[in-house]
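Listed in order, the protein sequences are those of chains A and B.
Using my numbering, read the first sequence as starting at 1 and increasing by one per residue.
Using my numbering, read the second sequence as starting at 1 and increasing by one per residue.
Here a beta-carbon is modelled for each residue, glycine too, at the ideal position from N, C-alpha and C.
Take a look at the structure below.
Number of protein chains: 2
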Amino acid sequence: MDIHAQKLQNREKENVQEWIEWLSSFGSTKNEGVTRLLYSKSWCQAQQALQLKMEQYGLNTYFDCVGNLFGKLPGTDAESPVILTGSHVDTVVEGGKYDGAYGIIASFIAVLRLFDTYGYPKKTIEVVSFCEEEGSRFPLTFWGSRNTTGAYDLDRVKDIKDKDAILFLEAMKKAGFDPAQYQTPIRNDIERFLEIHIEQGMVLEKNKKSIGVVTHIVGQRRYQVRIKGESNHAGTTPMMYRKDAVVTASHLIAFLTNKAKEIDADLVATVGRMEISPNVPNVVAGEVEFSLDIRHHKAEVLNQYSETIFSEFKKIAEDLQMDIQVSQWMDVSPVSMNGELVKDIRNIAAQKNLTFQEIISGAGHDAQVFASNIPTNLIFVPSQDGISHNPKEFTSVKELEMGIDLLTEVLYKLAY
Amino acid sequence: MDIHAQKLQNREKENVQEWIEWLSSFGSTKNEGVTRLLYSKSWCQAQQALQLKMEQYGLNTYFDCVGNLFGKLPGTDAESPVILTGSHVDTVVEGGKYDGAYGIIASFIAVLRLFDTYGYPKKTIEVVSFCEEEGSRFPLTFWGSRNTTGAYDLDRVKDIKDKDAILFLEAMKKAGFDPAQYQTPIRNDIERFLEIHIEQGMVLEKNKKSIGVVTHIVGQRRYQVRIKGESNHAGTTPMMYRKDAVVTASHLIAFLTNKAKEIDADLVATVGRMEISPNVPNVVAGEVEFSLDIRHHKAEVLNQYSETIFSEFKKIAEDLQMDIQVSQWMDVSPVSMNGELVKDIRNIAAQKNLTFQEIISGAGHDAQVFASNIPTNLIFVPSQDGISHNPKEFTSVKELEMGIDLLTEVLYKLAY
């Protein structure tokens, strides 16, 4: 019996709650949140501690050249492709303990339990702790998974900086991943990717379900809408002579919100940011800019919706003789999870008497990066009150364990 | 013949355009605007230069203890009350050359021309350059006129500071008006106040009129409206589960705007300032605060309107289970100008073949401070494109002269 197998057999009992707390200690904040940004000190500590724990528990570990950490349970079939499972280790600023972290820990625990019960799998399983997904330090997202698929390389980041003007490549080097040593870490040996994650919404909780079997990850489009009216004296300008950008923005927002509800129950449209100019109580606002974020799992619904509202915007601009400019600055296509495995996951959940439902992910996840290349699936556990990206993020141990239980069985089906 | 009369007779010819330019040189900015804040260096220079010019042209001048400058053309009837005419010398930050300044210069010129034609009046006429009206340095308005009527005294300003944390009383002392010397500058000898001012709106221009005979100055009420919803993830929160403060604000603003148009053509309602929280594109806004400024010349219309919209706000808050708080932070009553003199001014304008109309002032003016105590009137000349509080503020020399011409005749009627 090799050293890894000895470790795997003699390991201490894992405890999901303790491990979540332990991982959250790297980057913990005074508000009981977690801030663990790509290539920061707390990020380095977390990845190194994860590597050490994986080694202690008998996995073969290695980092790729951008800082993705892999922990391997080798398959008995040396030629077989890899089943990859995991999530991202980075967090937003003042984030919670579960987003990303749970997916890494759940995958790690599932693999340990599989070995306990069944020994080595036929196909190699790798647990991954992706270096970056959130885009919370540098203005890019999915650096970890997009390197793994080959969508990104150093060219993508050579000019970008964080808010302290530290170059991406400098930060990377300082964290021990010297860009000079970069060779594309693209992986062509991965057969499937499987991720488990907290929902970050309230659908499962509202529907009293323990498991969400994700069928699609939405496409996202983001726009900036700029309304140019006329800034005027609030007392001396009769209503009929005004070109009030705040009033026009209000009409557009009311319209686009109603239209989103009307077109499809799964469509979401959000105006989260508004800037008013000059923004003083006694002056009619001459200019308003607002953001518009729209998401749906079908490109044709996004097309239909955006065409409908922007043609109405155009009409309103003409009617009011005001200038309304719309510019798009993000376009992420929707993706489908592997349909056959969705069915299998449903069946496994049913056999285990877990309450579950199919669900669409409204947030982006590493899974979406893989989904257009290889069969990919995503499983959700509930988020209390739908809260995420916040120190209050919470999922009960019972729900965390149900997720691990399901994931274990799904991995068994895929790798044994 | 006394020294004043000699000066009055031998004076240089006045030129309104030159005098406007000259006064604007005190506090002129690199953007060709004027910034002349209460008790600042440029303010001191302007008041001193005005005093000197008034003296050179034969008026008896004096400052009261808060820095209002008076230039007197004494009446032959020593017992007669005073006809006061003028406006304010202070400006907003980056204001124009006409707001306030024109009223001082026009009154000054009118008095000179009256003396040319008719000699000394029966009743004393005083030209006033009020120290402050705009509220642009310290958080209070009408410091000049409200001291003259006795509405304000030192108590009102003892704790207030400008944005550089300079105490009002310090600034006052530094400008040469030592608060230790303060004795109420209340004036009980004033029979009437008459002000001429630029319209600061576009009504006269749109209607092709040279003169606005003001019948009322509007009442103003200002409110802060605070909407508390729920901040949520823009992707994972279905539309039906949202308590989106931006969407609710948009409904309220659309509603209050339509209702204002519906209730009365003279009613204006303005949301000029909005603050959104957290104000990021991919988060449903949990909180919005907006300002609401409403104005009309009849208190009952303001009452009816505010009751209508706030009871609807309450209903909306209940329907949406969101918290909507309304707090009022300004309440200025509407005032009427002296009705008989309005008729006389109309008649005089008609005799002079000036195009004119009755008009409601949507902006506040020194005239409103006097109007509840003594017969008070206000005359407008047009503002090009309705622009004011801006370096682009402009009124043609022809229109400025028509205003002076009218003012001169009205003063003749009142004082001779």
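Asked, Found
"T303(B), enclosing alpha helix (DSSP H) - first and last residue", "A quick correction: the sequence has Asn, not Thr, at residue 303(B). Element bounds for N303(B): A299 to L320."
"Contact set between M239(A) and chain B, taken where Cβ atoms lie within less than 7 Å", "A260, K261 and V268"
"Chain A contact residues for D293(B), given Cβ-Cβ distances below 7 Å", "A234, P281 and N282"
"Proximity winner among H365(A), S336(A), N279(A) and S250(A), relative to E358(A) (alpha-carbon distances)", "S336(A)"
"Interface flag, R221(B) vs chain A, CB-CB below 9 Å", "no"
"Span of the beta strand (DSSP E) around L414(B)", "Unbroken run through L414(B) is the alpha helix (DSSP H), V397 to A415; no beta strand (DSSP E)."
"Amino acids of chain B, ordered along the chain, whose beta-carbon sits closer than 7 Å to that of Q200(A)", "H233 and T236"
"Extent of the continuous beta strand (DSSP E) to which E275(B) belongs", "M274 to S277"
"Sequence ranges, beta strand (DSSP E) only - wholly within the region 146-185 of chain A, length at least 3", "none"
"Collapsed DSSP secondary structure at S483(B) in the structure displayed", "The question about residue 483(B) has no answer, for chain B in this structure spans 1 to 416."
"CB contact check: A317(B) to chain A, cutoff 9 Å", "no"
"DSSP beta-bridge partners of A269(A)", "I294(A)"
"Contact with chain B by M322(A), beta-carbon distance below 9 Å", "no"
"Whether Y182(A) touches C65(A) by CB criterion (9 Å)", "yes"
"A234(A) beta carbon less than 9 Å from that of T257(B)", "no"
"Chain B within 9 Å of M274(A), Cβ atoms only", "yes"
"E205(A) vs D405(A) beta-carbon contact at 9 Å", "no"
"Residue closest to V410(B), alpha-carbon to alpha-carbon, out of F310(B), A249(B), A363(B) and F193(B)", "F193(B)"
"Three-state secondary structure (DSSP) of E340(B)", "helix"
"Pair within 9 Å by beta-carbon distance, N228(A) and I324(A)", "Note on identity: in this sequence residue 228(A) is Lys, with Asn being the wrong assignment. Yes, Cβ-Cβ distance for K228(A) and I324(A) is below 9 Å."
"Cβ of V203(B) within 9 Å of any chain A Cβ", "yes"
"Residue range of the alpha helix (DSSP H) that includes G103(B)", "A101 to Y118"
"Among N347(A), E55(A) and A363(A), the one whose alpha carbon lies nearest that of Q220(A)", "A363(A)"
"Collapsed DSSP secondary structure at K72(A) in the structure displayed", "strand"
"Cutoff 7 Å; reference H365(B); Cβ partners in own chain excluding five residues on either side", "E195, H197, I217 and L378"
"Among Y241(B), M202(B), S291(B) and A285(B), the one whose alpha carbon lies nearest that of V280(A)", "S291(B)"
"Alpha-carbon to alpha-carbon, V369(A) and L154(A)", "17 Å"
"Through-space distance from I105(B) to L8(B), alpha-carbon basis", "16 Å"
"Beta-carbon contacts of G135(A) that lie in its chain and below 7 Å, excluding the five residues immediately before and after", "T141"
"Nonlocal neighbours in the same chain, by C-beta distance under 6 Å from A175(A), ignoring five residues either side", "Y39 and C44"
"For A367(B) and Q6(B), the rounded distance between their alpha carbons", "33 Å"
"Beta carbon proximity, H88(A) to chain B, threshold 9 Å", "no"
"Neighbour flag for T124(B) against chain A, beta carbons, 9 Å", "no"
"Status (buried if at least 16 other CB within 10 Å, exposed otherwise) for W329(B)", "exposed"
"Cβ-Cβ distance between V92(A) and H389(A) below 9 Å", "yes"
"The region 86-101 of chain A in contact with the region 109-120 of chain A per 3-pair CB rule at 8 Å", "no"
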